[in-house]
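Structure record follows, encoded as structure tokens.
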Amino acid sequence: MSDLFKQIGVHTVTQDGNTLTTDNLALETVVKLSDQEGVFTTLLATPTDLPELLIGHSITEGYGLPPESKIEVTLSEEGYNVQAIEHTVNEIGKSRSNQIVSTSCGACNSPGVENLINLLPAYIGSHSNIDLNWLNQSFEIMKTKQIGFSKTGGMHAAGLFTFGGREPIVCEDIGRHNAVDKAVGTSASLGQEMQDTVLLLSGRCGWDIVAKSARAGIGTIACVGACSSLAAETARALGMRIFSFVKPHRSIGIGYIHPAMKDNP
């Protein structure tokens, strides 16, 4: 069995009747993220790249765990425990919990829309011009690395690509936010800088992905799906940019697209 998926018995239902067969389903299990003081977040995730998930989640949520942290992964009947055994994360306080956190709700504890933007760091790096051909070629490369999706049709992917030809990083997970965390954690563990790095998403882009990117120092996001209104507003306010609905001959650009183009709809 792969750590990405497992094969189970299913019924194929058609107009002519049912057939007993097998199908590959994406793995989803409990993953507890811990530091010296114990569990601080519990996620539902695919059990791959778990040390990188912990490092990346700490970065994209602003918890300050060093990328070089020594991490141990253990498996029990309750799921996986991924622990930084020599460090303690920051800014957790009373939010530590063993309850499962929905990775689709990055703003559940926020008091209001204004704080969703004002509490995030602005992007201070430069923006290189982006060619639509480069974006599409990068998505094609990412697609070849989406093993889990090719087997199940049910996994999200996040990729980190650069203009300088650095080996791209592609991670998959049942949760799109987890996939982003894994990619960021992998990059941080390799000591890579985020300047001129583009985050590629296999789905849509909401505020939560923009927030994670901002905390990680990523200035450009590209996705094959839609961009939400709050994601667009946040990207503009922080000096970031989003390319949504990326297709061979067209994309929707939001935010800082080109010095000569004022983004003021």
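Residue numbers 2 to 266, in the numbering used here, belong to the letters of the sequence shown in order.
By construction, the Cβ of each residue, glycine as well, lies at the ideal position given by its N, Cα and C atoms.
Quantities reported herein were computed from a predicted structural model and do not represent experimental measurements.
Nearest by alpha-carbon distance to residue i: which of the options is it?
| i | options | result |
| --- | --- | --- |
| A238 | S35, N119, Y64 | N119 |
| F41 | L117, L191, L66 | L66 |
| E194 | H178, A184, S203 | A184 |
| A27 | Y124, M241, I175 | I175 |
| G63 | I255, V247, R216 | R216 |
| H178 | D209, S151, G155, E168 | D209 |
| Q138 | V83, K213, V225, L231 | V225 |
| I72 | G165, N130, G155, K33 | K33 |
| K7 | E87, H128, T23, E78 | T23 |
| A232 | S214, K152, V31 | S214 |
| L202 | A189, G240, I142 | I142 |
By the 10 Å Cβ neighbour count, where 16 or more other Cβ atoms means buried, how is residue i classified, buried or exposed?
| i | result |
| --- | --- |
| E53 | buried |
| K95 | Residue placement at K95 cannot be trusted, given a pLDDT of 46 that sits under 50; the coordinates are not used to answer. |
| G39 | exposed |
| I131 | buried |
| G155 | exposed |
| P122 | exposed |
| E173 | buried |
| I243 | buried |
| V181 | buried |
| I56 | buried |
| P48 | buried |
Does residue i come out as helix, strand or coil in the three-state DSSP assignment?
| i | result |
| --- | --- |
| A227 | coil |
| N130 | coil |
| A85 | strand |
| Q8 | strand |
| S151 | helix |
| K248 | strand |
| I125 | coil |
| I253 | strand |
### Query
Which runs of the alpha helix (DSSP H), 4 residues or longer, sit entirely within the segment 16-79?
51-61
Residue ranges of each alpha helix (DSSP H) within the segment 159-219, 4 or longer: 177-190, 208-217
Discussion item. I'd like to know if the segment 69-83 and the segment 43-57 are in contact, where contact means that at least 3 CB-CB pairs between them fall below 8 Å.
Written reply: yes
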